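Peer 1: Please read through the structure below; I'll follow up with questions.
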Amino acid sequence: MEENQILFDQLRVLLIEDSDNDALIIAKMLEREANKFKVVRAQTRAEMELALSAHVFDVILCDHDMPEFSSRGALEVRDERGHDLPFIIVTGAIGGEEVAIELMRSGVADFVPKHKMTRLLPAIKREIREARIRQAKRDADDALRRKNAELEATVETLVRTQDELVRSGRLKGLGRMAAGITHELNNALCRISGLVEQLEECGGSGTTDEFGLIREAVNDAISTVRSLSYFSDVHPRDTKGAPVNINETIAESVDLFTAQMEAARSSREPRVVISTNLRENPPVTGDDSQFRDAITSLILRATESMPGGGELRINSYRITRAVVVEIEDTGIGMPEEVLRNCLEPYFSTDRELSGGGGLAWVNALIERYGGVMRVESREGVGTKVTLRLSIHDIDTALPYPEIENMPDSKSLRIMVVDDEKLITQSLAACLEGDNHFVKTASNGFDALEMLRNEPFDLMISDRAMRELNGEELARKVRKRGDGIKFILATGSGDSLIASCSALEGVDVILPKPITRDTLRKAIRESGVYLTA
């Protein structure tokens, strides 16, 4: 080492040594290697305890066997104080290999013979560095625990304020909160469900009753998540209901409304022309009389927005998993503030919203049966209301009827994409258990790179990923033109499935938490088994 090279910025040493000469040699050696240097010497237990109380040290250097003290006693003092100080024994003799092993197990970091003092400085440097790494990890763990405690307190606060938010009518704010909590809970439940299924497949040590209790708890949590995602206990969604021929319901509403209007309208009043384009659709889930009231209410509202006459267009058509109904008028439209709040039941500036036939009531009815309502409007141009209604029996109304009889034992090449490692592992285990060839990627960019190197039949991707989200990945995969089927997994599955905007490149929405049965069903629905 060059004379002008300093090993330490500062060095604080507790030296336990009974030999004045050896203590002087060690102190002189260390003093040359630090900008700031402090050594405190102790020869007894009492002196060591006093030194640890009065000073902060980087390392303890200790002789092994002294008349009034020993290295074992010094280790006990260090451990009693709860210090994680590197403990290096500097001695002339240790007493054999067995003694050295015992001391190492007790917490000694290293041994330096007094006749090989050149080893001392490298040993000190190494042990101080490792001690600082351990301290940094403890600090990080403490910070993480504090953040978790803050998060728990925040969640408790959100739960306490939920009732107040509902009572005050701020359902939009509650909805945003529910969406965030739902996403996090669904990710957690997905992990739990995947681990339970893996444990069952691997013949875990738990009993059948224990597995049943775990699954029951998971199902209860799933039910809680779904209730939270609806965020309105006044009109909860209900997947029960009867099949409704929505085209017949629309036609009956139009005929009834037209007859009543013609009977009440004078010849001088402006005329509203109603046109319909109702394509062939499968039955939707709901209640025929309630849907008729809702359609009639929307028609009435549209005509009232056209006091000078105009045109009302009603269309219906089917997309992959739903039937869409569009009711569009050429009326006066809505101001921006009214449009933003028109579906909130407590919006006070629009009188009709508090009544039984307003937009908020229609929205609650559509949501009750798993549908979604969207309103678009421009002042002076008109308003368009879009209803997306759930197909009553989606399993028998798939775009590929033969899927129900299609065996799902065909081995597929599948890529699973998720930035949660545990989720990719659990999904891969399920798929490999069904004899599929599976590869995983932690982000969308890695997935696209893998597609350049080898072919796949199907991609299963999370929606909410940090670098390239699932929707963007689906669009990029579809643009490649490889014919790869795409399943999008999401914690917002119910609302996304019923969204009024189609997702480009997505064949199936897979709601979280994911089970083996829902995964198999999604693969069948994607149509991947029908490809050559």
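Going by the numbering used here, the first residue of the sequence shown is number 1456, and it counts up by one from there.
Where is the CB? At the ideal position from N, CA and C, for every residue including glycine.
On a predicted model such as this, the values are computed, not experimentally measured, just so you know.
Apart from the five residues on each side of it in sequence, which residues of its chain come closer than 6 Å, Cβ to Cβ, to S1897?
Peer 2: Counted from its first residue, the sequence shown places residue 1897 at position 442. For S1897, where only same-chain residues beyond five positions count, the Cβ hits under 6 Å are D1874.
Peer 1: From A1529 to F1566, what distance separates their C-alpha atoms?
Peer 2: Here the question's residue 1529 lines up with position 74 in the sequence shown. Here the question's residue 1566 lines up with position 111 in the sequence shown. Taking the straight line joining both Cα atoms gives about 15 Å.
Peer 1: Using a Cβ-Cβ cut-off of 8 Å (strictly less than) and excluding sequence neighbours within five positions of T1973, which residues of its own chain qualify?
Peer 2: As a first step, residue 1973 must be located in the sequence shown, where it is residue number 518. L1965 and P1966.
Peer 1: Where L1485 and F1492 are concerned, what is the direct C-alpha to C-alpha distance, given to the nearest angstrom?
Peer 2: Stepping through the sequence shown from its first residue, residue 1485 is reached at position 30. Stepping through the sequence shown from its first residue, residue 1492 is reached at position 37. Spanning the two alpha carbons is a distance of roughly 8 Å.
Peer 1: Can you name, in chain order, every residue of its own chain whose Cβ lies under 8 Å from the Cβ of S1730, other than the five neighbours on each side?
Peer 2: Walking along the sequence shown from the start, residue 1730 turns up at place 275. Excluding sequence neighbours, S1730 sits near E1766, L1767, R1768 and I1769.
Peer 1: In three-state terms, what does DSSP make of F1463?
Peer 2: Numbered from 1 along the sequence shown, position 8 holds the residue referred to as residue 1463. If DSSP states are grouped into helix, strand and coil, F1463 belongs with the strands.
Peer 1: Could you give the C-beta distance for F1941 and L1923, rounded to a whole number, given that I count them as a contact under 8 Å?
Peer 2: Locating residue 1941 in the sequence shown gives position 486, where the first residue counts as 1. Locating residue 1923 in the sequence shown gives position 468, where the first residue counts as 1. Going by Cβ atoms, the distance from F1941 to L1923 rounds to 14 Å, so no, they are not a contact pair.
Peer 1: Can you have a look at M1533 and say buried or exposed, based on whether 16 or more other CB atoms are within 10 angstroms of its CB?
Peer 2: Reading the sequence shown from its first residue, position 78 is the one you call residue 1533. In the sequence as displayed, the identity of residue 1533 is Arg instead of Met. Looking at its Cβ environment, which holds 16 or more other Cβ atoms inside 10 Å, R1533 is buried.
Peer 1: My output table needs one value for I1556: the three-state DSSP class, helix, strand or coil.
Peer 2: Along the sequence shown, one-based indexing puts residue 1556 at 101. Three-state result, I1556: helix.
Peer 1: G1899 by DSSP, collapsed to three states: which one?
Peer 2: Here the question's residue 1899 lines up with position 444 in the sequence shown. If DSSP states are grouped into helix, strand and coil, G1899 belongs with the helices.
Peer 1: Does the region 1834-1850 come into contact with the region 1882-1892, if we say contact requires no fewer than three beta-carbon pairs (one atom in each stretch) closer than 8 Å?
Peer 2: Verdict: no, contact absent.
Peer 1: Would you tell me roughly how many angstroms separate the C-alpha atoms of P1725 and G1763, rounded to the nearest one?
Peer 2: By 1-based counting over the sequence shown, the position of residue 1725 is 270. By 1-based counting over the sequence shown, the position of residue 1763 is 308. Rounded to the nearest angstrom, the two C-alpha atoms are 6 Å apart.
Peer 1: Using C-beta distances below 7 Å, list every residue in its chain close to R1833, excluding the 5 sequence neighbours before and after it, in chain order.
Peer 2: Residue numbering aside, residue 1833 sits at position 378 when the sequence shown is read from its first letter. Correct list, in chain order: G1788.
Peer 1: Roughly how many angstroms separate the alpha carbons of L1613 and E1605, rounded to a whole number?
Peer 2: Here residue 1613 refers to the residue found at position 158 of the sequence shown. Here residue 1605 refers to the residue found at position 150 of the sequence shown. Roughly 12 Å between the two C-alpha positions.
Peer 1: For my contact list, L1470 and L1516 are in at a C-beta cut-off of 8 Å; report their separation, rounded to the angstrom.
Peer 2: In the sequence shown, residue 1470 corresponds to position 15, counting from 1. In the sequence shown, residue 1516 corresponds to position 61, counting from 1. About 5 Å separates the two Cβ atoms, so the contact holds.
Peer 1: Secondary structure at L1913, three-state DSSP: helix, strand or coil?
Peer 2: By 1-based counting over the sequence shown, the position of residue 1913 is 458. It is a strand residue.
Peer 1: Are the region 1542-1560 and the region 1586-1605 in contact at 8 Å, needing three or more beta carbon pairs?
Peer 2: Touching, no, given that fewer than three Cβ pairs across the two stretches are closer than 8 Å.
Peer 1: Starting from S1845 and walking both ways along the beta strand (DSSP E), at which residues does that stretch end?
Peer 2: As a first step, residue 1845 must be located in the sequence shown, where it is residue number 390. Segment G1837 to S1845, the beta strand (DSSP E) holding S1845.
Peer 1: Compare the Cα-Cα distances from I1754 to each of I1915, R1930 and M1716 and report the closest residue.
Peer 2: Taking the sequence shown and counting its residues from 1, one reaches residue 1754 at position 299. Residue M1716 is the option with its Cα nearest to I1754.
Peer 1: Of the choices K1865, M1521, E1909 and I1915, whose alpha-carbon is the least far from that of I1878?
Peer 2: What you label residue 1878 is simply residue 423 of the sequence shown in a count that begins at 1. Checked all of K1865, M1521, E1909 and I1915; the closest Cα to I1878 is I1915.
Peer 1: Note down the Cα distance separating K1865 from R1935, rounded to an integer number of angstroms.
Peer 2: As a first step, residue 1865 is located in the sequence shown; it is residue number 410 there, counting from the start. As a first step, residue 1935 is located in the sequence shown; it is residue number 480 there, counting from the start. Spanning the two alpha carbons is a distance of roughly 24 Å.
Peer 1: Pull up the distance between the alpha-carbon of A1815 and that of V1780, whole angstroms please.
Peer 2: To locate residue 1815, count along the sequence shown from 1; it is residue 360. To locate residue 1780, count along the sequence shown from 1; it is residue 325. Using only the alpha carbons, I get a separation of about 17 Å.
Peer 1: Give me, in chain order, the residues of the same chain whose beta-carbon lies closer than 8 Å to that of T1704; leave out the 5 immediate sequence neighbours on both sides.
Peer 2: As a position in the sequence shown, residue 1704 is number 249, starting the count at 1. Closer than 8 Å at Cβ, skipping near neighbours: D1743, F1746, R1747 and I1750.
Peer 1: Verify whether the separation of the beta carbon atoms of H1519 and R1467 is less than 8 Å.
Peer 2: Position 64 of the sequence shown, counting from 1, holds the residue named residue 1519. Position 12 of the sequence shown, counting from 1, holds the residue named residue 1467. No, the pair does not count as a contact, with Cβ atoms beyond the cut-off.
Peer 1: Name the residue from Q1880, I1481, R1829 and P1968 whose alpha carbon lies nearest to the alpha carbon of A1944.
Peer 2: Working through the sequence shown from its first residue, we reach residue 1944 at position 489. The option with the nearest alpha carbon to A1944 is P1968.
Peer 1: Using C-beta distances below 8 Å, list every residue in its chain close to L1733, excluding the 5 sequence neighbours before and after it, in chain order.
Peer 2: Here residue 1733 refers to the residue found at position 278 when the sequence shown is read from its first residue. Excluding sequence neighbours, L1733 sits near N1702, I1705, A1706, I1769, N1770 and S1771.
Peer 1: Rounded to the nearest angstrom, what separates K1876 and A1608 at their Cα positions?
Peer 2: On the sequence shown, residue 1876 is found 421 positions in, with the first residue counted as 1. On the sequence shown, residue 1608 is found 153 positions in, with the first residue counted as 1. Roughly 27 Å between the two C-alpha positions.
Peer 1: Nearest-angstrom Cα distance between L1903 and L1913?
Peer 2: Position 448 of the sequence shown, counting from 1, holds the residue named residue 1903. Position 458 of the sequence shown, counting from 1, holds the residue named residue 1913. Computed Cα separation, rounded: 13 Å.
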